[in-house]
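Following UniProt numbering, the numbering of the sequence shown begins with 1 at its first residue and continues without gaps.
In this text, a Cβ means the ideal position worked out from N, Cα and C, and glycines have one as well.
Step one of this worksheet: look at the structure below.
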Amino acid sequence: MEGESNIRENTFQQIQHPSHQKGFYQRTNEQSLSQETVHSQLGNSLAEQEALWTLLQQQQSQSLQNHQGYYSTPNLGWSNQGYSQFRAYPQQIAPSSRGYSQYAQYPHQKQQSYASYAPQHPYYSQGLDYGYTHHHTLQHSSPHIQHYLGGRMNAHAHSLSSMRMNISKNIIDPTPGYQSAIPIVASLSNTTMDIINVPEEKNEVLNEAASEVRYVISESFDRTVVPSLKSSIPPGINHQEYTRDCVNAAIASRLSPYHLSESEHLLLRTHLTHLQITSYLNIRNAILRLWVRNPLLYVDQYEALGIAHEERHFNLVKVCWELLVREGYINFGCINIPKSLVTPSVGTKTIVVIGAGVSGLASARQLESLFQIFSNRFDHQIPKVVLLEARGRLGGRVYSHKLTSSPTEEDFPKDKSSTVELGAQIITGFAKGNPLSTLLVKQLGLPMHFLSVHNITLYDSNGKMVFPDTDSRAELLFNYILEIASKFKSKETSINAKRVLEGDKNMVDAGVEPKSEGGRVIAKIEDNEATIPIMEDYSEINSKDSNKLDQSSSEDHEKKNDHDLVSVLRKIGFQIKENVPIDINFDDIISEQNPTLGYAMSKILSQYRSLIDLTDLDMKLLNWHYANLEYANGTNLSNLSLYHWDQDDGNEFKGAHAMVKGGYSTLAYALAYMPTPLEIHYKTIVSGISYNDKKAVVYCEDGTVIDADKVIITVPLGVLKKSSIQFNPPLPEWKMQSIERLSFGLLNKVILVYENSFWDVNVDVFGSLTEPDNQGIYDKNRGRFYIFWNCIKTSGQPVLLALMAGDSAIQMENETDNELVQEATRILQNIYPDQIIPYPKETIITRWGKDKFCYGSYSYVGPEASGKDYDIIAMPVENTLFFAGEATCRTHPATVHGAYLSGLKAAQLVLDSLIGPLKIPANELLIPLKQKGAMDPSSRTKRKAQDDYKAQLAEFKDAQLEKHNKEVERVILERLGPRPSAPQRSTGNPFLVFQKSQWNYCKNIADRNKQKETGNPQAKATKNEIRATLGKTWRSLTDDEKKPFFDIVAENRLNFSNLIEEYNTIINEYNIKTEEIKAEMKARLDSIPISQEELELKRLAKEQDIQEKKIKAERKREQDLFEDDSSESFDDDYQDNLRNDPSYRAATYLKKHDGYFIV
């Protein structure tokens, strides 16, 4: 066969050919993407390519080409993107009677609807039984499904035809109390290979492109055989491109390709050296590449082993694979997990998930997958997962409401219902690791509408369009004000990142291994390092250090040349007032207790207004941008913590924003039904939970009582704040305090549906400015109808969606629908004066604040909260109650992807609590030492180190003790919460109190004196001159005038005394309970029998000790025997020479034994 020599020449590669081994079969594919197209538009980055797959398929504008340089024949070939033989993304894939090794051949299909098949998609349906094959075909729509799901649609069309449930028609009104139960289609064939026939009438385009074959591992293949090295790396792929793909795969998975994550660090620090980090990163990135290339296929451990370059890396690959699976970096979402040889059954354990929003569905779906993957850890008796949903629908705050009228747009998918998003709406970028990229685009193949929101046209309150230059100037001023306010942020953001270890970047980029092993393991080096003092957390400091700012920010502003500020304002486009003194300071912000972002921005703006003239239009534009920021945070800016409001800054995903055509709720229903239906109980309202460290009981309003081993609580933060669920015992105080501190915001929508569009349908969004109230205040109304979304592309008919942000979202909940619609109509009439704006044919108005199942929209950081509160809310209680939801995701709060990620995390914690966390035996070498020849001078030393059983026993005990201590810390944290912090002492100096309160007053005096002395009306006093004025003023005060400041000090001391007394009581109680827990855990540890491993090490260590004593005694006897007492005065070299001289040794022996000494 042409090009056969291009196949990698080794035994395993030869086995992979169908002619050599029945365990492998060919997989055909009819199309491939043009790499030239991908690279020309988005470059080589996997993360950048993610958003293009959908777009390329929708446009269908590029011919199907094979990438030059890759092996390709009509019957045999590898991916045009250099994919693994097991990874064919985005090639088409067909399942087989034994897994995914089926040989399937089919033509390009004509476009036809596929949304109606979503809940029971052939790839995900209950009929997918890895033993099922059927000769049938299925027409399907747009190449999305064909592109991503491939031949699986054809292979399982029969199972689909028996389950005709339409997801888009069940999004809104599922049957109340419906229990997810879809009949299983029995296996019809036990053959190991079959060909799916395609009716001849569908073959008209069969020859339009040459089919390619993909080799994959059959389910029936013996996985006990050690895989060949590099067997999962495509043969012939350019090494540089392969390593670039591996690096990009890590980036596309939210991991640094060059650093260990925190969990990786904790797991590997006692088993790897610093040099071996690079080896681990190369392996981890390569496994991620397998998944990112085609997330439709499960990456099993056997395939992961095929990326290893050396057999001694196999143990490290196994650990890495399991870590990635547990933490949800691979094998997540709507994929089918191949069944194990022993079919698992449902055991006696029950996991209850409360809430079927995205986080609840994510955790339930992930648990189902994890239980299948690790079924052997449960003796194949896997726990049962039950979802309780209070509503009669899925999705929670992801709610695609079905409109009463049908779609009218020609390019809208014909089988899709017309919906509008009442809740979550925008996907904020697919690149750089957004899991929704995998779910929505690569697995579900949903049609997307990519938004263009960079240049939004704004209309004044009178309807006139605002000139772009005018808006641009206001936006620049807004950004500058926000930038200055950001200088006051807490340093928590900068110290938030955990300490991470880095591999060799150049080696990772080159995909090469270190030549040496390195020295001691990471832990031994780290534990011997000097302790680095931890900076104080500003959220926990009060009084003198309360809410301490980045002090340099205030000083920087005072030192900053006034002309720089003037220069910036002029560059923005504002005229500076003449003869106005420039006196910018932010002392008011610094002295404020728990200042808010809104307070800081208003103070900054008020000072800038003294330098520039802002028109009414400028103020309205500024407040429009304020409203847009309030939309992002779900509340008025005056409710946001100045220090922590954007604590998640830097974690945003990249790429164009998008909306799902036909409804975001498709995600929820896909998670619920694919690949198999979850057990969901609708309209089941949970009223209470009783729990201990072993079990929990869930009580429902309808009288249902459910015994559970673990409970995952995914209800919104608003429900927790309202105490809608009663806990017995109550949740720990440390968790309740975080629930109280963290706030829950509100966003509402007014949806207007029309017969015909009267706006520009090619514009995704336009904005409207509002007037201030009668007092000239903008806050209350600036978020009112401030923006209109054009939803015609995603709803299929003329729909405008208006947002109500900030205070307006609260106000409108008490207004009638008619009042709101009439106001919206007036605004639109002003914007389009040449048209008669009709009354909408259908309206939907949200009032999420009055919804008893959420009481709001999404979380935000209030004045007294910090990012730590997200972590605390996420922490389990008694190892029985677990928590998920956007308000538990510190890195991505207030987002759908954050909710999904929190569900994956909760599933991991539940799995760890059931089978134990991922552990590596204390004395196991993850990367065995390279075998060296007998003459290797270092081999004896290494062998000696390996045979040092006393050291191994000590390390074993140290590891056991460390494990015990960590478990004690975990239990203390779960039961008692974080250790209470001591109160900070207030200043005891009345002069400092005076200085803080009178600084501005004395500064003005000092400035006037300076101006009088210099004759310069713009002169400013220095800090030392201000301090001198303060001292002089203080000394001139009478005792009565000083008394208020002494009183404040006395009051502070009294308050501190009370606080410290209260703290001592709390900390003593905490210490007592801590010691009780330690004693309890020590008793539990002592009751555990000594393991066989420890007994064996003790035996070997004892034998080693006996042997060492014998050797030591023998050496002592020899020393006494041959040592010459008179030789002590000799130098060392001479002494050594004598000892090695046979005549001297013999003479010494005779002398010490009273023999005859002969010279």
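Residue range of the unbroken beta strand (DSSP E) whose run includes residue i
{"i": "Q276", "result": "Where Q276 is concerned, there is no enclosing beta strand (DSSP E), although the alpha helix (DSSP H) it sits in stretches over 276-293."}
{"i": "A887", "result": "First-last for A887: undefined, no H or E at that position."}
{"i": "N315", "result": "Not the beta strand (DSSP E): N315 falls in the alpha helix (DSSP H), residues 314-326."}
{"i": "F430", "result": "Run containing F430: none; DSSP gives neither H nor E here."}
{"i": "Y626", "result": "Per DSSP, Y626 belongs to no beta strand (DSSP E); it is in the alpha helix (DSSP H), 616-633."}
{"i": "K710", "result": "710-713"}
Classification of residue i by the beta-carbon crowding that lies within 10 angstroms, buried from 16 upward
{"i": "V185", "result": "Interpretation of V185 is limited by its pLDDT of 27, a score under 50 that renders its predicted location unreliable; no figure is taken from the coordinates."}
{"i": "V705", "result": "exposed"}
{"i": "P234", "result": "buried"}
{"i": "G776", "result": "exposed"}
{"i": "R365", "result": "buried"}
{"i": "I1090", "result": "exposed"}
{"i": "M465", "result": "exposed"}
{"i": "L828", "result": "buried"}
{"i": "Q575", "result": "exposed"}
{"i": "V441", "result": "buried"}
{"i": "residue 1165", "result": "This structure cannot settle anything about residue 1165, because the visible part of the chain is limited to 1 through 1159."}
{"i": "Y839", "result": "exposed"}
{"i": "N282", "result": "buried"}
{"i": "V319", "result": "buried"}
{"i": "K1012", "result": "exposed"}
{"i": "T419", "result": "buried"}
{"i": "P833", "result": "exposed"}
{"i": "P729", "result": "exposed"}
Boundaries of the alpha helix (DSSP H) in which residue i is found, first to last residue
{"i": "M804", "result": "From DSSP, M804 is part of no alpha helix (DSSP H) but of the beta strand (DSSP E) over 799-804."}
{"i": "residue 1182", "result": "Residue 1182 cannot be examined here, being either before or after the span of the chain that is shown, 1 to 1159."}
{"i": "V1049", "result": "1039-1086"}
{"i": "I382", "result": "Segment 381-388 is the beta strand (DSSP E) holding I382; no alpha helix (DSSP H) there."}
{"i": "H265", "result": "262-268"}
{"i": "S345", "result": "Not the alpha helix (DSSP H): S345 falls in the beta strand (DSSP E), residues 345-354."}
{"i": "A510", "result": "505-510"}
C-alpha distance - residue i paired with residue j, whole-angstrom precision
{"i": "M812", "j": "Y298", "result": "48 Å"}
{"i": "K996", "j": "S591", "result": "8 Å"}
{"i": "D912", "j": "D869", "result": "23 Å"}
{"i": "E409", "j": "M448", "result": "15 Å"}
{"i": "A1083", "j": "R269", "result": "29 Å"}
{"i": "Y83", "j": "R293", "result": "The predicted position of Y83 is uncertain, since its pLDDT is 32 and thus under 50; a value taken from the coordinates is nonetheless stated next. Using only the alpha carbons, I get a separation of about 7 Å."}
{"i": "Q301", "j": "I689", "result": "39 Å"}
{"i": "A474", "j": "N579", "result": "24 Å"}
{"i": "P581", "j": "D773", "result": "31 Å"}
{"i": "T1033", "j": "N1000", "result": "13 Å"}
{"i": "I196", "j": "L296", "result": "Because I196 carries a pLDDT of 24, less than 50, the predicted location of this residue cannot be relied on, and no value is offered for it."}
{"i": "L1059", "j": "D807", "result": "37 Å"}
{"i": "L476", "j": "M804", "result": "24 Å"}
{"i": "L1097", "j": "L323", "result": "29 Å"}
{"i": "A249", "j": "L361", "result": "26 Å"}
{"i": "T794", "j": "A658", "result": "10 Å"}
{"i": "F467", "j": "D760", "result": "18 Å"}
{"i": "I810", "j": "E1025", "result": "50 Å"}
{"i": "E1093", "j": "L316", "result": "22 Å"}
Assumed close pair residue i, residue j - CB separation to whole angstroms, cut-off 8 Å
{"i": "residue 1160", "j": "L717", "result": "The structure shown does not extend to residue 1160, since the chain spans only 1 to 1159, so no value can be given for it."}
{"i": "I373", "j": "I337", "result": "6 Å"}
{"i": "A884", "j": "S363", "result": "5 Å"}
{"i": "W645", "j": "N633", "result": "7 Å"}
{"i": "D648", "j": "P893", "result": "6 Å"}
Beta bridge counterpart(s) of residue i as assigned by DSSP
{"i": "R784", "result": "M804"}
{"i": "V521", "result": "T273"}
{"i": "C700", "result": "V686"}
{"i": "residue 1178", "result": "Look at the range of the chain in this structure, 1 to 1159, and you will see that residue 1178 is not part of it."}
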